[in-house]
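Enquirer:
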Amino acid sequence: MYYDFETVIDRTGTGAAKWDSMRQSNPDVPAGIPPFSVADLDLKLAPEITEGLREHLQSAVLGYTMATDAYWDAVTGWFRDRHGWGVERDHIRLAPGVVPAFYTAIRAVTAPGDGVIVQTPAYYPFFGAIENNDRVVVRNPLVQRDGRWRLDLDDLAEKAADPRTTALLFCSPHNPTGRVWEREELEQVWRIARENDLTVISDEIHFDLVMPGHAHTVFSTLGADAAARTIVCTAPSKTFNLAGMSTSNIVIADDALRERYSAEQARTGFFTLNALGFEACRLAYTKADGWLAGLIDLVHGNHQMVRNFLGERMPEVVVHDLEGTYLQWMDFRALGLSPEELQRIHEQEALVFFDEGAMFGPEGAGFERMNLAAPRHAIEAALERLARSHGR
Ligand SMILES: Cc1ncc(COP(=O)(O)O)c(C=O)c1O
10 MYYDFETVID RTGTGAAKWD SMRQSNPDVP AGIPPFSVAD LDLKLAPEIT EGLREHLQSA
70 VLGYTMATDA YWDAVTGWFR DRHGWGVERD HIRLAPGVVP AFYTAIRAVT APGDGVIVQT
130 PAYYPFFGAI ENNDRVVVRN PLVQRDGRWR LDLDDLAEKA ADPRTTALLF CSPHNPTGRV
190 WEREELEQVW RIARENDLTV ISDEIHFDLV MPGHAHTVFS TLGADAAART IVCTAPSKTF
250 NLAGMSTSNI VIADDALRER YSAEQARTGF FTLNALGFEA CRLAYTKADG WLAGLIDLVH
310 GNHQMVRNFL GERMPEVVVH DLEGTYLQWM DFRALGLSPE ELQRIHEQEA LVFFDEGAMF
370 GPEGAGFERM NLAAPRHAIE AALERLARSH GR
């Protein structure tokens, strides 16, 4: 099957968050230049999803819609076949997004004033989920060892030992560093969480996006005791570009924990998803794995291209290994520019729009996060503009 990973779809004026914010930063960007910021794909949808939705709409009524057996089979089948993870359908709670789900989870498993640990730099809504709910962010900064981002387990153990700290909001694979945690690392995290009675909220939204040579371990598969203290947040949204479909599946194996989560969710008045989201998720999980293999090839190749290009033209820039996600973390600090100057050069001169590293916390200042889920030729052209804007 041929998949088109070449066409740039200019989303200007369509309400696309990424494209609109690019125009706000620089109204003079010529048509057809994609931004490389917000984590959705600047690629055509999998044709299996487009065609399937079209067919569905021939007869769909779009009234209040519940999950069908076919939906649950698709979701549990994906978990089983792709992740070796056996999940009972009754253990899944629906959510309109992973962000609302971890907001709910934090309220469900912690009390106001409690500390919640995050590994920084962190996906920025992690901070909001904690602080907007009157909890306290407890930072566990990642460290670099041999050029690879690592968990600082000693620091984690120290922070976890504080009795006011009651949960870990964990990102696996990790956005923005692109790490896919190895099983041994996860076992260490779980050991510390267990010893200190922490509940783990594991955001695994990027779990399907794993590069060759790496393997993702779902936190709950570490063992029955880990599963009993973990809320795993999943969605087809990153993998298949379905963020606008607002369909996420939250897995909570333990009955009491699930009841706490459900009670908190009930307080929000949210009960079911949108009708097309169910069908898009079902189609993705049953029909689009071939397309996903093509996407991973594309992203992996884009990563190698970025690394080679910058290695030659801007060798001071550190291009971190991309183990998972399609988000390339790059360290520009050796150029000696302030983050503001870096952003100005990129957005006003190079016409290249990244997510600024400081969005992910002060640990990210001087870094840039580049979205690699775009046609290769668009990334190549952007790199050329980038190098030139730095006089290379
Ligand atoms: C780690 C992580 N969690 C959650 C989300 C977004 O979740 P949702 O759109 O389902 O609310 C993103 C999007 O980039 C993400 O990177």
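For the sequence shown, our numbering gives the first residue as 10, with consecutive numbering after it.
A virtual CB, placed ideally from N, CA and C, is assigned to each residue, including glycine.
Quantities reported herein were computed from a predicted structural model and do not represent experimental measurements.
Just how far apart, CA to CA, sit Asp19 and Val38?
Expert: Working through the sequence shown from its first residue, we reach residue 19 at position 10. Working through the sequence shown from its first residue, we reach residue 38 at position 29. The alpha-carbon atoms of Asp19 and Val38 are separated by roughly 12 angstroms.
Enquirer: Look at the alpha carbon of Thr295 and the alpha carbon of Asn250, and state the distance between them as a whole number of angstroms.
Expert: Taking the first residue of the sequence shown as position 1, residue 295 is located at position 286. Taking the first residue of the sequence shown as position 1, residue 250 is located at position 241. Their Cα atoms are separated by approximately 15 angstroms.
Enquirer: I need the straight-line Cα distance from Thr175 to Thr119, nearest angstrom please.
Expert: Counting from one through the sequence shown, the residue named residue 175 turns up at place 166. Counting from one through the sequence shown, the residue named residue 119 turns up at place 110. Taking the straight line from one Cα to the other gives about 6 angstroms.
Enquirer: Let's test the definition: count the other Cβ atoms within 10 Å of the Cβ of Phe228 and tell me whether it reaches 16, buried, or not, exposed.
Expert: Along the sequence shown, read from residue 1 onward, the residue named residue 228 stands at position 219. Classification for Phe228: buried.
Enquirer: Is Ile214 near ligand 1, judged by its Cβ being under 7 angstroms from some heavy atom?
Expert: If you number the sequence shown from 1, residue 214 lands on position 205. At least one heavy atom of ligand 1 is nearer than 7 angstroms to the Cβ of Ile214, so yes.
Enquirer: Does the separation of the CB atoms of Gly320 and Met220 fall below 8 angstroms?
Expert: Indexing the sequence shown from 1 puts residue 320 at position 311. Indexing the sequence shown from 1 puts residue 220 at position 211. Their beta carbons are not under 8 angstroms apart, which means Gly320 does not touch Met220 by this criterion.
Enquirer: Should Ala252 be counted as a contact of ligand 1 given a C-beta to heavy atom distance under 7 angstroms?
Expert: Taking the sequence shown and counting its residues from 1, one reaches residue 252 at position 243. Result yes, Cβ under 7 angstroms from ligand 1.
Enquirer: Leaving out the 5 sequence neighbours to the left and right, which residues in its chain are closer than 6 angstroms to Ala236 when beta-carbon positions are compared?
Expert: On the sequence shown, position 227 is the one that residue 236 refers to. Once the five neighbours on either side are set aside, the close Cβ partners of Ala236 are Ser229, Ala262.
Enquirer: Between Val84 and Asn258, is the Cβ-Cβ spacing less than 8 angstroms?
Expert: Taking the first residue of the sequence shown as position 1, residue 84 is located at position 75. Taking the first residue of the sequence shown as position 1, residue 258 is located at position 249. Yes, the Cβ-Cβ distance between Val84 and Asn258 is below 8 angstroms.
Enquirer: Leaving out five residues before and five after Glu194 in sequence, what residues of the same chain have Cβ atoms less than 7 angstroms from its Cβ?
Expert: Position 185 of the sequence shown, counting from 1, holds the residue named residue 194. Excluding residues within five positions, the ones whose Cβ falls inside 7 angstroms are Leu160.
Enquirer: For Asp340, does the three-state DSSP call read helix, strand or coil?
Expert: For the purposes of this step, residue 340 is taken as the residue at position 331 of the sequence shown. Strand at Asp340.
Enquirer: Measuring alpha carbon to alpha carbon, tell me which of Phe216, Glu204, Ile101 ends up nearest Asp78.
Expert: Translated into the one-based positions of the sequence shown, residue 78 becomes position 69. Comparing Cα-Cα distances from Asp78 to each of Phe216, Glu204, Ile101, the minimum goes to Ile101.
Enquirer: Could you tell me which residues DSSP puts in a beta bridge with Met379?
Expert: Counting from 1 along the sequence shown, the entry for residue 379 is found at position 370. Bridge partners of Met379: Gln337.
Enquirer: Hey, would you say the C-beta of Pro109 is under 7 angstroms away from at least one heavy atom of ligand 1?
Expert: In the sequence shown, residue 109 corresponds to position 100, counting from 1. Correct: Pro109 has its Cβ closer than 7 angstroms to ligand 1.
Enquirer: Hey, could you find the ends of the alpha helix (DSSP H) Leu266 is sitting in?
Expert: The residue given as residue 266 occupies position 257 in the sequence shown. It spans 264-276 - the alpha helix (DSSP H) in which Leu266 sits, taken as one unbroken run.
Enquirer: Could you please give the first and the last residue of the uninterrupted alpha helix (DSSP H) stretch that includes Val315?
Expert: Here residue 315 refers to the residue found at position 306 of the sequence shown. Element bounds for Val315: 298-322.
Enquirer: Is Met314 near ligand 2, with its Cβ less than 7 angstroms from a heavy atom?
Expert: Inclusion of ligand 2 in the displayed structure is not the case, the ligand content consisting of ligand 1 alone.
Enquirer: Would Asp99 be called buried (16 or more neighbouring beta carbons within 10 Å of its own) or exposed?
Expert: Position 90 of the sequence shown, counted from the start, is the residue given in the question as residue 99. With fewer than 16 Cβ atoms within 10 Å of its Cβ, Asp99 is classed as exposed.
Enquirer: Alpha carbon to alpha carbon, how far is Glu349 from Arg267? Give it in angstroms, no decimals.
Expert: Locating residue 267 in the sequence shown gives position 258, where the first residue counts as 1. Locating residue 349 in the sequence shown gives position 340, where the first residue counts as 1. So the two alpha carbons sit approximately 44 angstroms from each other.
Enquirer: Quick one: which unbroken beta strand (DSSP E) runs of 3-plus residues sit fully inside the segment 182-214? Chain order, please.
Expert: The segment 182-214 contains these whole beta strand (DSSP E) runs: 208-212.
Enquirer: Asn283 and Ser255: beta carbons closer than 8 angstroms?
Expert: Start at 1 with the first residue of the sequence shown, and residue 283 comes out as number 274. Start at 1 with the first residue of the sequence shown, and residue 255 comes out as number 246. Against a cut-off of 8 angstroms, the Cβ pair of Ser255 and Asn283 comes out as a contact.
Enquirer: Just to confirm, is the Cβ distance from Gly303 to Phe341 under 8 angstroms?
Expert: The residue given as residue 303 occupies position 294 in the sequence shown. The residue given as residue 341 occupies position 332 in the sequence shown. No.
Enquirer: Give a yes or no on whether the minimum CB-CB distance between Val219 and chain C is below 8 angstroms.
Expert: Absence of chain C from the displayed structure is noted, only one protein chain being present.
Enquirer: Three-state secondary structure (DSSP) at Thr21?
Expert: Walking along the sequence shown from the start, residue 21 turns up at place 12. The answer is coil: DSSP assigns Thr21 none of H, G, I, E or B.
Enquirer: Going residue by residue through the segment 68-114, where are the continuous alpha helix (DSSP H) segments of at least 4 residues, counting only ones entirely within it?
Expert: Taking only runs of at least 4 residues, the alpha helix (DSSP H) segments lying wholly in the segment 68-114 are 78-92.
Enquirer: Tell me whether Ser34 sits in a helix, a strand or coil according to DSSP, three-state version.
Expert: In the sequence shown, residue 34 corresponds to position 25, counting from 1. The answer is helix: DSSP assigns Ser34 an H, G or I state.
Enquirer: Helix, strand or coil: how does DSSP classify Ile42 here?
Expert: On the sequence shown, position 33 is the one that residue 42 refers to. In the structure shown, Ile42 sits in coil (DSSP, three-state: anything other than H, G, I, E or B).
Enquirer: What does the alpha-carbon distance come out to for the pair Thr113 and Phe135?
Expert: Within the sequence shown, the letter at position 104 stands for residue 113. Within the sequence shown, the letter at position 126 stands for residue 135. Cα to Cα, the separation comes out at about 12 angstroms.
Enquirer: From Pro130 to Thr239, what does the alpha carbon distance come to, in whole angstroms?
Expert: Position 121 of the sequence shown holds residue 130. Position 230 of the sequence shown holds residue 239. Roughly 22 angstroms between the two C-alpha positions.
Enquirer: Can Leu406 and Leu177 be called in contact, C-beta distance under 8 angstroms?
Expert: As displayed, the chain neither begins before 10 nor continues past 401, which places residue 406 out of reach and without an answer.
Enquirer: Less than 8 angstroms between the C-beta atoms of Val152 and Val125, yes or no?
Expert: For this step, residue 152 is matched to residue 143 along the sequence shown. For this step, residue 125 is matched to residue 116 along the sequence shown. Not a contact, by the Cβ cut-off of 8 angstroms.
Enquirer: Could you tell me the distance, in whole angstroms, from the CA atom of Tyr133 to the CA atom of Ile139?
Expert: On the sequence shown, residue 133 is found 124 positions in, with the first residue counted as 1. On the sequence shown, residue 139 is found 130 positions in, with the first residue counted as 1. If you take the alpha carbons of Tyr133 and Ile139, they lie about 11 angstroms apart.
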